[in-house]
Structures are given as structure tokens and as C-alpha cells.
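Below you'll find the structure, written out as C-alpha cells, and then a few comments.
Number of protein chains: 2
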Amino acid sequence: MLAKAGVDLHLELHGTRLRAGLTGALREAVRSGRLAPGTRLPATRALAEDLGIARSTVTECYEELVAEGWLNARRGSGTRVADRVQPRRPKPADDPAPRPQHDLEPGAAGYADFPRAPWLASAKRAVGAAPHTAFGYGDPLGRIELRTALSEYLNRVRGVYADPAHLVITSGVHHGLGIAARALRTEGIDTIAVEAFGLDIYRAVLHDENVDIPPLMVDTRGARVSDLGDMVEAGAALLTPAHQFPTGYALAPERRAHVLEWARRTGGVVLEDDYDGEFRYDRRPIGALQGLDPDHVVYFGTASKSIAPALRLAWMVVPERLLPAVAHAKGRVDTVSILDQLTLSDFIRTGAFDRHVRARRLVYRRRRDELAAAVAGRTTGVRLVGMAAGLQAVVSLPAGTEARVLGAASRHGLAVAGLSEFLHPAADPEWPSHDAIVVNFASISDSAWPRAVAALRGILP
Amino acid sequence: MLAKAGVDLHLELHGTRLRAGLTGALREAVRSGRLAPGTRLPATRALAEDLGIARSTVTECYEELVAEGWLNARRGSGTRVADRVQPRRPKPADDPAPRPQHDLEPGAAGYADFPRAPWLASAKRAVGAAPHTAFGYGDPLGRIELRTALSEYLNRVRGVYADPAHLVITSGVHHGLGIAARALRTEGIDTIAVEAFGLDIYRAVLHDENVDIPPLMVDTRGARVSDLGDMVEAGAALLTPAHQFPTGYALAPERRAHVLEWARRTGGVVLEDDYDGEFRYDRRPIGALQGLDPDHVVYFGTASKSIAPALRLAWMVVPERLLPAVAHAKGRVDTVSILDQLTLSDFIRTGAFDRHVRARRLVYRRRRDELAAAVAGRTTGVRLVGMAAGLQAVVSLPAGTEARVLGAASRHGLAVAGLSEFLHPAADPEWPSHDAIVVNFASISDSAWPRAVAALRGILP
Numbered sequence: 001m002l003a004k005a006g007v008d009l010h011l012e013l014h015g016t017r018l019r020a021g022l023t024g025a026l027r028e029a030v031r032s033g034r035l036a037p038g039t040r041l042p043a044t045r046a047l048a049e050d051l052g053i054a055r056s057t058v059t060e061c062y063e064e065l066v067a068e069g070w071l072n073a074r075r076g077s078g079t080r081v082a083d084r085v086q087p088r089r090p091k092p093a094d095d096p097a098p099r100p101q102h103d104l105e106p107g108a109a110g111y112a113d114f115p116r117a118p119w120l121a122s123a124k125r126a127v128g129a130a131p132h133t134a135f136g137y138g139d140p141l142g143r144i145e146l147r148t149a150l151s152e153y154l155n156r157v158r159g160v161y162a163d164p165a166h167l168v169i170t171s172g173v174h175h176g177l178g179i180a181a182r183a184l185r186t187e188g189i190d191t192i193a194v195e196a197f198g199l200d201i202y203r204a205v206l207h208d209e210n211v212d213i214p215p216l217m218v219d220t221r222g223a224r225v226s227d228l229g230d231m232v233e234a235g236a237a238l239l240t241p242a243h244q245f246p247t248g249y250a251l252a253p254e255r256r257a258h259v260l261e262w263a264r265r266t267g268g269v270v271l272e273d274d275y276d277g278e279f280r281y282d283r284r285p286i287g288a289l290q291g292l293d294p295d296h297v298v299y300f301g302t303a304s305k306s307i308a309p310a311l312r313l314a315w316m317v318v319p320e321r322l323l324p325a326v327a328h329a330k331g332r333v334d335t336v337s338i339l340d341q342l343t344l345s346d347f348i349r350t351g352a353f354d355r356h357v358r359a360r361r362l363v364y365r366r367r368r369d370e371l372a373a374a375v376a377g378r379t380t381g382v383r384l385v386g387m388a389a390g391l392q393a394v395v396s397l398p399a400g401t402e403a404r405v406l407g408a409a410s411r412h413g414l415a416v417a418g419l420s421e422f423l424h425p426a427a428d429p430e431w432p433s434h435d436a437i438v439v440n441f442a443s444i445s446d447s448a449w450p451r452a453v454a455a456l457r458g459i460l461p
Numbered sequence: 462m463l464a465k466a467g468v469d470l471h472l473e474l475h476g477t478r479l480r481a482g483l484t485g486a487l488r489e490a491v492r493s494g495r496l497a498p499g500t501r502l503p504a505t506r507a508l509a510e511d512l513g514i515a516r517s518t519v520t521e522c523y524e525e526l527v528a529e530g531w532l533n534a535r536r537g538s539g540t541r542v543a544d545r546v547q548p549r550r551p552k553p554a555d556d557p558a559p560r561p562q563h564d565l566e567p568g569a570a571g572y573a574d575f576p577r578a579p580w581l582a583s584a585k586r587a588v589g590a591a592p593h594t595a596f597g598y599g600d601p602l603g604r605i606e607l608r609t610a611l612s613e614y615l616n617r618v619r620g621v622y623a624d625p626a627h628l629v630i631t632s633g634v635h636h637g638l639g640i641a642a643r644a645l646r647t648e649g650i651d652t653i654a655v656e657a658f659g660l661d662i663y664r665a666v667l668h669d670e671n672v673d674i675p676p677l678m679v680d681t682r683g684a685r686v687s688d689l690g691d692m693v694e695a696g697a698a699l700l701t702p703a704h705q706f707p708t709g710y711a712l713a714p715e716r717r718a719h720v721l722e723w724a725r726r727t728g729g730v731v732l733e734d735d736y737d738g739e740f741r742y743d744r745r746p747i748g749a750l751q752g753l754d755p756d757h758v759v760y761f762g763t764a765s766k767s768i769a770p771a772l773r774l775a776w777m778v779v780p781e782r783l784l785p786a787v788a789h790a791k792g793r794v795d796t797v798s799i800l801d802q803l804t805l806s807d808f809i810r811t812g813a814f815d816r817h818v819r820a821r822r823l824v825y826r827r828r829r830d831e832l833a834a835a836v837a838g839r840t841t842g843v844r845l846v847g848m849a850a851g852l853q854a855v856v857s858l859p860a861g862t863e864a865r866v867l868g869a870a871s872r873h874g875l876a877v878a879g880l881s882e883f884l885h886p887a888a889d890p891e892w893p894s895h896d897a898i899v900v901n902f903a904s905i906s907d908s909a910w911p912r913a914v915a916a917l918r919g920i921l922p
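Heads up: the protein sequence lines correspond to chains A and B, in order. Going by the working numbering, the first residue of the first sequence is number 1, and it counts up by one from there. Going by the working numbering, the first residue of the second sequence is number 462, and it counts up by one from there.
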């Protein structure tokens, strides 16, 4: 179409909402560069005639685009395209990296066993029954319903001594760990000893909070906490007492006593990451360290292992003296989904959580047994180490073979992790051989599991 | 019950799960102090006889409590209660502060109109249809489904130019603002000019990221962005161009052009908080500034105003050059609920979001008209100011009366905010009178609204 005065706008109007259509078409013409900066637009009367629409529609459209800044209107010079920067065209999104055929990697992308129906049933009950006030910003520390449900659950299942007022809801343990680090810094603690084997992402969170993280050696009795006595600068220690991650050993009873004694003597703080405490297959799980000394332990638990990471729900139990600093570090507005908090609270209260954990425990126990069978009778040095617990297991390898085994796994479409990937960069290089692979047997679906085990059997020496 | 050797344990065992019951009862006896540190426990055989249970049950229970650290077992000295710190008893939670009778405060606790049924329908579809991989940790920047749905929505409704790759999902604008501040600091920007009227919580977020926040005066044409030229240290400006918060004016067209020109000339960044851009009642909403110059504007939007704060879902659109720093500042694991992200994506894609916003717009327009009627014909100087838009309105007051009006409101159970509460602490004390109250007309329920308006009418001079 051709406007009698000014440029040919080549506008195409679709649908019946004329003004919106005209405004959108003009904006796009400016944005795409078809109408260059400075270009004078047709007079409203001319364009209205051209398009066969009311002049007022064109006037309103011009006014809107002037208000937005796409056009300039100056008395005597008409309406012109404003000066502006040319945006880039959108690029197609990159293809995501292809997933391996058999995914047994810790932190695997998939999580096959999310309890969709019971979770949605809890969501329906929780969202349906929530008072109006539940849909606002809420308590920055978390919904009281969830903190109360967790208080009871953690006491019953993990021996944790948690007043709801001491429970803080977070979006994952790594979120809580960042909060704890910031809180400890305000208390003058800027060195947190960490286990020499652990998650790189946790070390990064602490590092980003400007905390020093000297490594504590790990052996078959867990972290060597007696070394804390020599680390005069360490004011806290991050531990996985129930099931060392990823080596799979429990912190021995005398070491549990030792680290608490250290905390009391020095005013230190134990950060207890109880990531998979619900899952033990040979006996009842060992209770949390926190119950023994709630004044010196910050306890971290999560729904990522017991339900699924997608919930982004975790919790920490905080000693009284650290509560103000933790509350400040968490911020004045909650960042954790309140609907999910209400849903998890119903999920726990109605027993759906217990049922889910019990069902998963049976599946994981069976899978771990099958893993043990697959590993049995190989070359000397190839064996399952660590406790019958958790969501991952460690298969030790003959010294010097880890890289070769990982290479073979990769060639066979099998994703597992090398134990060395979890080693603290500052750990003692004289460390004895720790060649091993870490196998996540929990995230994969039932149907994919047998082929994954077969693939593993195929690449072990 | 009395054990033949050692102390009377006064254990009461309930139910059939004997070992769990015995372990829990013993742990509780130690925790509560009924069994003091050092106390020697009965021999396993004696206790088993006493309780009429198998000795192996008692042995396993003792072993578990030794492993947890509650008991010590030493050859020759039997099993004793370990030394430990006495925890405090839980205190009853404090009563929450009583809510006012009529809550018209910005950021009111309630949110009466959450679309429970359509949201749950979206949750059911989204969670039901999600692939296994959706239940893992996910893309740290947010789910691609939501980023794609928002890209289309923001372009259509707000004129925002957003490639999904540039969209980042956050838990609220204040979360995104903290991320942006950290990213800008790594780019060498440590001063962000903010509007002289605004949210204290946003100023606090920036302050906590060690950013300086000089105030920009605000008048009836929005923030006086021409002052940016004199603030040589300011590398960014946080603005609410569509609807200044809380004064309610739009940033004038020449100021929109001016601030973008400033950004291009100085390499500055505009942080555009488009918190309630969907809601305008007298005409079509003005599009976002971001569309005019996606390379110099970080755009912030939120579901807190259009749906409810409880979702803790917001988004930012980030210029290409800031993406790496923003991604680093957001962290390597997403903290935003992935289920809620999937649900919102369905809510947008199926049109439920548009329907909800349209329905709320009608309600809010009517309420704002009723508010205008309630304010009309009072003392000179009492009038509704700002645009017919958004979720809050400002009622100007005669100079020097704000505190008196707020006092009267409080006595009548009416919660509203004084405009002075939003004033930047470093704003010019020579500022002309700005006595006014800010009234949130959106969060209250339909049934409570008429009485709240009546209460407001009762206290206005």
C-alpha cells in the first residue's frame, strides 16, 4: 500500500484489532530497520485514507509510538522515526549437548521417578486450602506450615532437633551453603574446612563468598576431623557425616564425638550436609550429628535426593546464635516458591513423602545389589566400596586405570564420573591411589537401568 | 519398667516397630537429660529380658546409638551415655503480628485473587507432560519452555525484544536486581542511580552488593534522567519507565530518548523495572523501553503483580554483552522452582495468563474508579495523582498532613503507606512537599474492598 505523503510503509494489517495491529506493524517496521531513523511518516489523514481506517486510529497509534519512543513528533516537522540502535536479530538457540545413552552420572540430568500423581494431589490440596495470605510474599525464612512439618519429620527420621523457628527453607543445599557462608563471615569466620572429596559446586559457592576452604583428608572412617586441631584458622567444617560424598563411608563414632568436641572448645561450627540420609539399605540409617549438639551444628537437608532436584527445595536447621545473621543473609524477601513449600508440607503431613521414600528405598536397594553383582569377580582391585546407602556407589579400580576406564565408558555411551573429579584441587598430591568411578544408580528409569548395568559390566577391567 | 542392671530407663514402647521405638525412646531420654552423661546403661541381656524382647534388638539399638554418638561403648566399661551439650527446649513460635482490618498497603500480605483452578490445571498438564529430564537440576538460567513462552509474550504485550537465549528466570525482581548488580560490578560499574522514590528493599539489595545508589529526582514526567549527565560515576540507572513506583507517572517520551542517548554515549546500562506494565486502564499500556535499545537495557518483569508474589517467578532480559557476567552471578545451579517454571509456561501458552490479566484489569479499573470517587470533593490538595495504571494509586494530601492521616488510618484499622516511606534517604531535603498516601487497590478481596474504601473515605481530610 502506498501513502500519499511520506514513505511507503508496506504495512500489512491482520485481524480486527486495527489500532493494535497498526501499532505493532509500525513498531516492527522501525525495529527491523525498514523505516530508517529520521524517516518522515505519512500525515495521519493520508495514512488513514490509504488504509481505509479512521484518522483517530492512526493518531492514537502515532501517539502511542511517540510515548514509547519509537517516533518523534515535533510541531512543524511532522512525525519521524526516532534515532535508535539497531538490535541484533535473534539467533536460533544452540542445540543442547547430546545426552549419553546410559546416564549413571552423579547429578544426572534426568530424574525418572518423580511422583507426579501424589505430588499433584498434594498441590491441589495445598493450593486449594491455602488462605489468601499464603499468596503474598510470605515469611522470608519460609512458610511455617513446611517448617513445622519438617521439624516433626526430621526429628522422627533423622534424629534432628529442630524447633520450627530454627528451620530455614532454601532453594537447594548450595543456596543454603551460600547463606551460611555469608552468615559465618559476619561472625568472623572466613575459613571453612571441607572434605577433600566433594562437590566442586559447593567449593565454588564458598569461594564466591570469599571463604577459604582447606581440605580435610578422607578415609574409610570419613573425614579426618582430628586435623581440624592443626587448622587454627578454620572456624567451621563442612561434612557429610551420614554418608561421605562421594566416597560412601560414614563418619566413625569417635570422629563424630571429636568434631563436636572441637566445635565446643573453639566456638567452631559444623556444617552437616545430610543430603541422602533417608537412604540406607543394610540397616536403619544413622541419625544426624545435629541432634547431638544443635548449638554447634548447622544441618542441611534437601528434597533433591529424596524426591527430585526440580523442586529446588531444601532446608537448614540453624543454631540460635546464628539465626539473625542467617536471616539477614537470606534476605528480606523469600526466593523459594511458596506454592511448592505448601505442597511439600502436605506431601510430608499426609505420609506421601514416607511412602515415596520407602518405595524408592526398595528400588535403590535392588539396584545397588545388581551393581554389586555386576562388579563382583572382576580384576583384583575392582570392587564396590563404601556403605550400602545413598544414591551413588563407588567402584574402586586398580591404580592408574581411572582415565582408561572413563575413556571406555565414554566410547560405550556410558556416563559415570571419575572419583578424581571430586578431589579438592589443594588436596595432598601424596594421597594414596584413589582410582575409582562414581556411579549414580538412582536417577535412571527402571527400563533403562538393565542396559546401563550391562554397559558398565562391559567396560570394567 | 525397671532394668535389673543399671538405671531405670522409664522407656515406653509403642507400636510394633520395636527396635525403632526403643532407639527413639532411648535417644529422647538422653536428649531430654533424663539420662545424664556418663550414665551406664543396662546390659543388653538384662534390658531385653525386662522388655520381653529379643536381645539382638537391644544390641542393634545400642549399636545404632553408638554410631550416632549418643552412647559410648568401651570394652570393660559397658555402654554409657556420651558427653554432650544439653539442647534448649523448643519455644512456642511467636504469634505473627495481627493484620490490619483493611489492608491496602503496597506489598500487602494477602493476595485474594490467585487463579487457583487454572493454575492447578496448568500444573497438572505441565508436570504430567514433562520429560524425565525436566525433574533434574536444569539449565541454571531457567527452563527453555518458559523462556520461549515469555519471549513471545513480552514481545506481543510489552514490545520487548527478547531472544529466549537472553531471558533469565529469577525468583522475583529483587533476586534479579541482586544478580544484575553483581554482574555490573564485574563490568566495573559500582554506582547505580535510583529513583528518589522507590522500594527500600531494592535499595537494600543494591547496597548489600556494595553498589552506590545516588537518587534521581522524580516529578510528574518521571525520573529526571537529565541529571545523569552530572553523575559522572553512575554507570547504570534503575528506572520504572512505564509507571513510576510509587508516584504513578510515566517517563515522558523525551526522557525515554534522553536516557537511552545517555546509555549509548557513556556505555551506561538502564535497568528497567517493568513491574506492572500489563495494567493500564485509560488506554493501551506503553511498551517497554527495552524494545528501543536491547543492547543498553536490562529488562525486569515479574509474575508477582500479574498473578501473585507466592510464585516467586520473575524474569530479566539481558543484553548480549552482559550475559556471561549475569550467568556467573546467577550461579551454576538454578534456584527457581522448575515445576513452577513449567507450569507458568503452560499458563502463558494456553492463554490462561492473558485471560487472568484481562479479568483482573477489569476489576482493578473498577476499583480505581471507586477510589477516585472516594477521593473526589475533599479538602483542596486531596486528589488522586498519577496514571490510571498499575496496582497502586497515590492520594496527594495538603502539605504537612501525611503523618496525621496515617495516624488516623492506623486508628481505624486501615493499612496504607505514606509516600515519604518510599523516599530515598539521601534525597534532597529541599524537595517540594510530597505529602501523600500510597493505596494498593489490587491485593484485597472483592468482599473486603467496599469496607476498605469506606474506611479510607473516613480518614481523608
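All residues carry an ideal CB built from backbone N, CA and C; glycine is no exception. All of these numbers come straight from a predicted model, not from anything done at the bench.
Residue i - containing alpha helix (DSSP H), residue span
i      : result
A:I459 : 449–459
A:I179 : 173–186
B:E521 : 516–529
B:L800 : 799–810
B:V491 : 479–492
B:D734 : Element bounds for B:D734: not the alpha helix (DSSP H) but the beta strand (DSSP E), 730–734.
B:I605 : 605–619
B:L784 : 784–791
B:T505 : 505–512
B:R816 : 813–836
CB-CB length for residue i against residue j, believed under 8 Å
i      : j      : result
A:D273 : A:L239 : 7 Å
A:L313 : A:D334 : A:L313 to A:D334, Cβ: 12 Å. No contact.
A:P106 : A:A417 : 5 Å
Start and end residues, beta strand (DSSP E) containing residue i
i      : result
B:F761 : 758–763
B:L653 : Note on identity: in this sequence residue 653 of chain B is Ile, with Leu being the wrong assignment. Counting along the chain, the beta strand (DSSP E) containing B:I653 begins and ends at 653–656.
B:S857 : 853–857
CA-to-CA distance, residue j to residue i, given in whole angstroms
i      : j      : result
B:R782 : A:E49  : 44 Å
B:K552 : A:V168 : Unreliable placement is indicated for B:K552, whose pLDDT of 48 sits below 50; the coordinate value is still reported in the next sentence. Taking the straight line joining both Cα atoms gives about 16 Å.
B:I653 : A:I459 : 56 Å
A:V336 : A:G222 : 32 Å
B:P561 : B:S871 : 8 Å
B:H789 : B:M777 : 15 Å
B:A837 : B:R829 : 12 Å
B:A888 : B:M678 : 8 Å
B:A916 : B:G874 : 8 Å
B:A718 : B:A591 : 43 Å
B:L803 : A:L260 : 43 Å
B:Y742 : B:Q853 : 12 Å
Neighbour list for residue i in chain A, Cβ cutoff strictly below 7 Å
i      : result
B:D795 : R312
B:H593 : G110, Y111, A112, S445
B:I662 : R332, V333
Exposed unless 16 or more other CB atoms sit within 10 angstroms - verdict on residue i
i      : result
A:T380 : exposed
B:T708 : buried
A:S32  : exposed
Neighbouring residues, chain B, relative to residue i (Cβ below 7 Å)
i      : result
A:L529 : No answer is possible for residue 529 of chain A: the residues shown for chain A start at 1 and end at 461.
A:K124 : L581
A:G107 : Y598
A:A82  : A718
Cross-chain neighbours of residue i in chain A, by beta carbon under 9 Å
i      : result
B:E529 : G159, P253, R256, I286, G287, A288, L289, G291, L292
Near the ligand MN: residue i beta-carbon under 7 Å from a heavy atom
i      : result
A:H207 : For the structure depicted, the ligand MN is absent and the ligand set is empty, with no information on it obtainable.
Neighbour list for residue i in chain B, Cβ cutoff strictly below 9 Å
i      : result
A:A417 : Per Cβ cutoff of 9 Å: no residues; A:A417 is ~15 Å from chain B at best.
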